[in-house]
Amino acid sequence: MNIPFVNLRRQHASLQPYLNEALQAVVDSNQVMGGDRLLQFESAFAKKVGVQHGVACGNGTDALELILRALDIKAGDEVIVPANGWMSAAEVVLLVGAKPVFVESHPLYYTLDPAQIEKKITAKTKAIIPIHLYGLAAAMDQILEIAKHYHLKVIEDCAQAHGASIGHQKAGSFGEAAAFSFYPTKNLGALGDGGMVVTQDKTLAEKVRTLANHGQSAKHHHTSLGRNSRLDTLQAAVLQVKLPFLEAWNNRRRAIAQYYQEQWQGLDLVLPEVPSGYQSVFHLFVIRHTYRDKLAEFLLSCGIATEIHYPHALPAMPVFRPLVPDSQAFPIAMSQAKQLLSIPIYPELTDEEVDYIVHKVKKGCRRL
Ligand SMILES: *Cc1c(COP(=O)(O)O)cnc(C)c1O
Numbered sequence: 010m011n012i013p014f015v016n017l018r019r020q021h022a023s024l025q026p027y028l029n030e031a032l033q034a035v036v037d038s039n040q041v042m043g044g045d046r047l048l049q050f051e052s053a054f055a056k057k058v059g060v061q062h063g064v065a066c067g068n069g070t071d072a073l074e075l076i077l078r079a080l081d082i083k084a085g086d087e088v089i090v091p092a093n094g095w096m097s098a099a100e101v102v103l104l105v106g107a108k109p110v111f112v113e114s115h116p117l118y119y120t121l122d123p124a125q126i127e128k129k130i131t132a133k134t135k136a137i138i139p140i141h142l143y144g145l146a147a148a149m150d151q152i153l154e155i156a157k158h159y160h161l162k163v164i165e166d167c168a169q170a171h172g173a174s175i176g177h178q179k180a181g182s183f184g185e186a187a188a189f190s191f192y193p194t195k196n197l198g199a200l201g202d203g204g205m206v207v208t209q210d211k212t213l214a215e216k217v218r219t220l221a222n223h224g225q226s227a228k229h230h231h232t233s234l235g236r237n238s239r240l241d242t243l244q245a246a247v248l249q250v251k252l253p254f255l256e257a258w259n260n261r262r263r264a265i266a267q268y269y270q271e272q273w274q275g276l277d278l279v280l281p282e283v284p285s286g287y288q289s290v291f292h293l294f295v296i297r298h299t300y301r302d303k304l305a306e307f308l309l310s311c312g313i314a315t316e317i318h319y320p321h322a323l324p325a326m327p328v329f330r331p332l333v334p335d336s337q338a339f340p341i342a343m344s345q346a347k348q349l350l351s352i353p354i355y356p357e358l359t360d361e362e363v364d365y366i367v368h369k370v371k372k373g374c375r376r377l
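First residue of the sequence shown: 10, per the numbering used here; consecutive thereafter.
See the structure below:
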């Protein structure tokens, strides 16, 4: 059997007639930028998250940067970011001229460890960017409490967490604003790049919209220094087709995750943990193994592709290293980076493929 790490071909094959129709409708309408389709998708997506406003933009990284700019975070400010995760959060802090301050990874959940935040707060700290990593929401109760106490803004990186929740509350509705990515491999993905800022705050949403449109508050009236960051109407049409399937796709991911969990109990590996009351959407199924590279090699020899998210903790990345006097100060993130392994988990996996993966991981673990 040959199991790629993701298989978008299958997802698109099942949607082909709907996608063709939606794309053709955009072509026929001759409205390829903006328009009702885009606005409809913005409000439909914001509604799913449970917030008032959605402002589409070019990608998830832009969404984060636009939020920081709209909140006037700039040179001289510090922003708390996780040591483990995709780099966009730390990257955009640098892009607006502020300083990313890394916080250690949680030993079980891999998200920002709330117990490690307070000691990193200074008079310059303005915001916290938790990443809801691998589909699991960060510890928002504690993060919001700390933020309230120190008057910090909370900006959620939801690029891996479309539909994730804590209790009945969806990721993306906890902070000042949240950034989503519609990169093709995310739980909700376009046929190219895309992103969205969601927020309950109307003024903030308007600021983001202006900034994403050349600082233009009315046509040919540029009131602030903005940029160009748009979601193509074609991509909005694709996302509109896919949005109604998100919940079913997430449920299938959860069912596969639960099966992996049951089948791999007692093996010499660390399975992902979900705190009680949290619903992960398993963007990734990340295990930990002492001989990670050997296990990955064995699985590859069986035709199963795996990936590593992420092979380097962010404080150890060359681009961020100058900001971190002691990169050894993140022993948990560093050791996780050496052991984490992402096993294929996507809604289109067949039961047969899932069983094959289950069997080969067992076999691999027993051999190592
Ligand atoms: C994918 C991703 C991003 C960036 O999204 P793009 O649309 O690729 O810019 C940001 N944060 C996390 C956690 C991601 O996984």
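Here a beta-carbon is modelled for each residue, glycine too, at the ideal position from N, C-alpha and C.
The model shown is predicted, which means the values in this text are computed figures rather than measured ones.
Residue j beta carbon less than 9 Å from that of residue i
i       : j       : result
Leu-103 : Tyr-119 : no
Leu-200 : His-318 : no
Ala-156 : Val-58  : no
Ala-342 : Pro-320 : no
Glu-306 : Arg-19  : no
Tyr-287 : Ala-146 : yes
Thr-208 : Gly-44  : no
Phe-111 : Pro-324 : yes
Gly-184 : Ala-170 : no
Phe-339 : Ala-322 : yes
Leu-293 : Ile-366 : no
Ile-352 : Leu-309 : no
Leu-280 : Cys-374 : no
Ile-137 : Val-90  : yes
Ser-238 : Gly-63  : no
Leu-17  : Pro-253 : no
Tyr-268 : Val-370 : no
Leu-304 : Leu-350 : yes
Asp-82  : Leu-121 : A quick correction: the sequence has Ile, not Asp, at residue 82. No, the Cβ-Cβ distance between Ile-82 and Leu-121 is not below 9 Å.
Pro-250 : Leu-24  : The sequence given here places Val at residue 250; Pro does not occur at that position. Yes; because the gap between Cβ atoms is below 9 Å, this pair is in contact.
Phe-291 : Arg-330 : no
Val-105 : Ile-265 : no
Residue i, buried or exposed, once every other Cβ within 10 Å from all chains shown has been counted against 16
i       : result
Glu-165 : buried
Val-36  : exposed
Gln-49  : exposed
Lys-195 : buried
Gly-69  : buried
Glu-113 : buried
Leu-278 : buried
Ser-38  : exposed
Val-328 : exposed
Ser-52  : exposed
Ala-84  : exposed
Met-149 : buried
Val-41  : exposed
Ala-168 : buried
Lys-162 : buried
Ala-99  : buried
Cut-off 6 Å between Cβ atoms - residues of its own chain near residue i, not counting five sequence neighbours on either side
i       : result
Asn-11  : Gly-312
Gly-94  : Ile-140, Leu-142
Lys-216 : Ala-79
Val-333 : Pro-324
Gly-203 : Phe-191, Leu-240, Gln-244
Asp-71  : Gly-204, Ser-238
Ala-214 : His-62, Val-64, Thr-208
Cβ-based neighbour list, residue i, same chain, cut-off 7 Å, excluding 5 preceding and 5 following
i       : result
Val-283 : Leu-145, Ser-289
Val-348 : Per the sequence shown, residue 348 should be read as Gln rather than Val. Result list for Gln-348: Arg-297, His-298, Thr-299, Arg-301, in chain order.
Ala-245 : Arg-46, Leu-47, Phe-50, Ala-65
Pro-116 : Ile-341
Glu-256 : Gly-172
Glu-87  : Ala-107, Lys-108, Val-110, Thr-131, Lys-133, Thr-134, Lys-135
Arg-261 : Pro-356
Leu-377 : Tyr-300, Lys-303, Leu-304
Trp-258 : Asn-196, Pro-356
Lys-129 : Ile-89, Val-110, Val-112
Ala-92  : Phe-111, Val-112, Glu-113, Ser-114, Ala-322, Leu-323, Pro-324, Phe-339, Ala-342
8 Å Cβ shell around residue i - same chain, five flanking residues per side excluded
i       : result
Ser-285 : none
Lys-211 : Gln-61, His-62
Val-247 : Leu-28, Ala-31, Leu-32, Ala-199, Leu-200
Val-15  : Thr-194, Pro-353, Tyr-355
Test: residue i CB closer than 9 Å to a CB of chain C
i       : result
Val-250 : In the structure shown, chain C cannot be found, because there is only a single protein chain.
Task: alpha helix (DSSP H) segments (min. 4 residues) lying fully within the stretch 91-120 - done: Those alpha helix (DSSP H) runs which fall completely within the stretch 91-120 and span 4+ residues are 97-104.
Between the stretch 61-77 and the stretch 210-225, can you find at least three pairs of beta-carbon atoms closer than 8 Å?
Cβ pair count under 8 Å is three or more, so yes.
>> Three Cβ pairs or more, each shorter than 8 Å: is that satisfied between the stretch 171-180 and the stretch 223-237?
In response: no
- Message: In chain order, what are the residue ranges of uninterrupted alpha helix (DSSP H) at least 4 long that sit wholly in the stretch 283-351?
- Response: 301-310, 340-348
For the stretch 225-290, list the alpha helix (DSSP H) runs that are entirely contained and at least 4 residues long, ordered along the chain.
242-251, 255-272
| request: Just list the beta strand (DSSP E) runs in the stretch 179-207, keeping only unbroken ones of 3 residues or longer that don't cross its boundaries, in chain order. | output: 186-190
Q) Which ranges would you report for the alpha helix (DSSP H) in the stretch 50-82 if only whole runs of at least 4 residues count? A) 69-79
Which whole runs of the alpha helix (DSSP H) in the stretch 122-183 are 4 residues long or more, in chain order?
149-159
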